[in-house]
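Inspection log for the structure reproduced underneath, given as structure tokens.
In my numbering, the protein residues as written are 1 to 567.
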């Protein structure tokens with residue numbers, strides 16, 4: 001018998017030595033001493049009134065104390081959980097934890113025993129009875145009414161499509177205006193059509209319009225001669241002398257003689273004299289109030305018509321080089337117009353885009369708009385299609401933005417056969433964002449199994465497992481690890497330990513440290529440790545929301561649930 005016990009102790013010691021080199025777990029049980037008391041400030045309250053539930057703990061300075069969290073006080077509801085008040089007395093700490101509790105139904109209720117972890121020891125408070133009394137209503141002063149029926153409230157849907165529709169409508173409206181005023185080919189007005197005609201045709205058309213006027217019928221000779229001389233001057237300005245409109249009659253006639261003598265135009269002296277005679281008569285009409293006969297005015301109009309023909313015939317034919325230069329000039333003018341349109345369009349589009357960004361930024365925040373337009377890894381994970389699955393045996397149910405893949409954790413030779421680890425992960429610690437779900441089973445020694453020594457089966461200490469997980473992160477390069485611990489209860493009432501805080505992670509292949517956060521959830525049942533570890537970058541609102549969603553989805557699949565799934 002002594003030999004069997006010796007073998008059992010030897011095997012247990014060897015297993016615990018093996019587990020010391022693993023990332024996860026265990027250690028020998030520490031001896032802790034503590035004293036726990038609980039009180040309430042009142043045992044009788046009215047409906048909805050608050051009572052203060054107080055737990056006082058006396059523990060060693062080296063002990064880890066975990067108070068209850070969550071709805072462990074049912075049937076009473078927790079309104080508020082206050083910060084722990086800590087005082088030191090000699091080598092011990094006095095810790096006081098307060099909770100605000102209430103109940104909205106009358107009756108007699110019992111606050112159940114609360115579990116407190118001090119080191120590796122578990123303590124329970126006394127259960128307490130609380131009376132919740134109804135509020136007395138004087139029906140002579142306050143009438144009673146039937147309870148209103150339930151009204152189904154539809155969950156408000158997202159209005160993103162309305163915003164998108166409005167933005168597209170604004171862009172379509174602005175695009176339509178730009179097309180209408182800048183890019184469409186507008187129908188030409190009569191003035192624009194005349195302006196596009198050659199100078200000779202314009203001059204002929206102007207004479208025709210002069211004939212259709214009533215200047216001569218009304219004896220408005222001044223206006224008549226002004227129009228007549230403007231027609232010939234403009235034609236000469238465009239085809240012969242580019243200052244004909246602003247020159248005096250003598251200057252213009254002198255320039256025509258010089259051009260004739262220089263063989264630049266082959267106009268005759270008689271033609272020049274006819275033009276001089278008409279221009280000087282027009283000057284007398286406009287400035288000296290001369291009044292020639294209407295028949296003479298009509299004769300001058302016919303002479304101008306004839307001289308326009310003679311000037312056109314006297315002009316030399318443009319050379320191919322002049323035609324090419326004229327074509328290039330026209331093309332350059334078209335390019336300038338098109339460039340102007342493009343600049344105006346770009347400026348308006350940029351202004352519209354900036355106005356849209358500013359508007360969306362004011363409504364949703366500029367960081368959100370920037371991340372939506374440029375892209376953000378955490379935002380894409382958060383808004384992507386999530387996966388809910390069970391991992392390990394016994395299973396852990398969890399929802400993650402990506403499927404966790406099976407990974408093999410290297411085990412020392414001496415650990416093989418004593419420890420069984422299954423792990424599933426997405427990313428690593430150095431990737432900043434990572435999720436790992438692992439199940440570790442501490443096997444019983446074969447000699448112990450043969451003798452049925454259940455009382456010697458290895459147990460797992462969550463506090464020691466938490467310390468080993470922190471040590472594992474330090475081995476991977478994590479620095480400045482801040483550690484906080486508290487009790488964690490899953491939605492299906494599984495209790496465990498939550499270790500969380502901040503740390504600094506080195507960038508890959510560098511010595512630069514980047515701030516990050518971590519959370520470790522650990523659950524134990526006999527010789528099985530189930531663990532969920534997540535890490536994510538600091539100051540990342542999308543990652544914070546994503547981690548909350550992951551942690552709130554963690555559930556331990558119970559044996560009866562597992563049996564139903566197998567069926």
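Where is the CB? At the ideal position from N, CA and C, for every residue including glycine.
Residue 265 (DSSP reduced to helix, strand or coil): coil
Separation of residue 425 from residue 520, as counted between CA atoms: 14 angstroms
Residue 497 burial status per 10 Å Cβ neighbour count (16 or more: buried): buried
3-residue-minimum beta strand (DSSP E) runs that sit fully inside the region 35–60, ordered along the chain: 44–46 and 51–60
Exposure of residue 354, with buried meaning 16 or more beta-carbon neighbours within 10 Å: exposed
Local conformation of residue 395 per DSSP, three classes: coil
Proximal residues to residue 501 (C-beta, below 7 angstroms), its chain only, five neighbours per side dropped: 481, 482, 483, 484 and 518
Buried versus exposed call for residue 533 [16 or more other C-beta atoms within 10 Å across all chains shown]: buried
For residue 472, three-class secondary structure by DSSP: helix
Inter-stretch contact (C-beta, 8 angstroms, three-pair minimum) for the region 162–170 and the region 197–210: no
Alpha helix (DSSP H) segment containing residue 314, residue limits: 294–314
First through last residue of the alpha helix (DSSP H) which encompasses residue 436: From DSSP, residue 436 is part of no alpha helix (DSSP H) but of the beta strand (DSSP E) over 434–442.
Assumed close pair residue 538, residue 515 - CB separation to whole angstroms, cut-off 8 angstroms: 4 angstroms
Entirely enclosed alpha helix (DSSP H) segments - the region 163–213, minimum 4 residues: 190–195 and 199–212
Length of the line joining the Cα atoms of residue 267 and residue 228: 20 angstroms
Which listed residue (469, 513 and 349) has its alpha carbon closest to that of residue 569: Outside the shown range of the chain (1 to 567) lies residue 569, about which nothing can therefore be said.
Residue 264 versus 499, 313 and 220, residue with shortest Cα-Cα distance: 313
Length of the line joining the Cα atoms of residue 124 and residue 359: 57 angstroms
As assigned by DSSP and simplified to three states, the class of residue 155: With a pLDDT of 49 at residue 155, under the threshold of 50, the modelled position of that residue is not reliable, and the figure given next carries that caveat. In this structure, residue 155 counts as coil in the three-state DSSP scheme.
Which of helix, strand or coil DSSP assigns to residue 109: strand
Sheet register partners of residue 133 (DSSP bridge): 46
Rounded straight-line distance, which links the Cα of residue 404 to that of residue 552: 17 angstroms
Distance, residue 440 Cα to residue 23 Cα: Annotation note: pLDDT 40 at residue 23 (below 50); position unreliable, no value reported.
Distance, residue 182 Cα to residue 247 Cα: 38 angstroms
Nearest to residue 185 (by Cα), restricted to the options 393, 337 and 466: 337
Whole-angstrom C-beta distance between residue 435 and residue 427, which should lie under 8 angstroms: 7 angstroms
Same chain, Cβ closer than 8 angstroms to residue 91, neighbours up to 5 away in sequence not counted: 60 and 61
Limits of the unbroken beta strand (DSSP E) element including residue 405: 405–407
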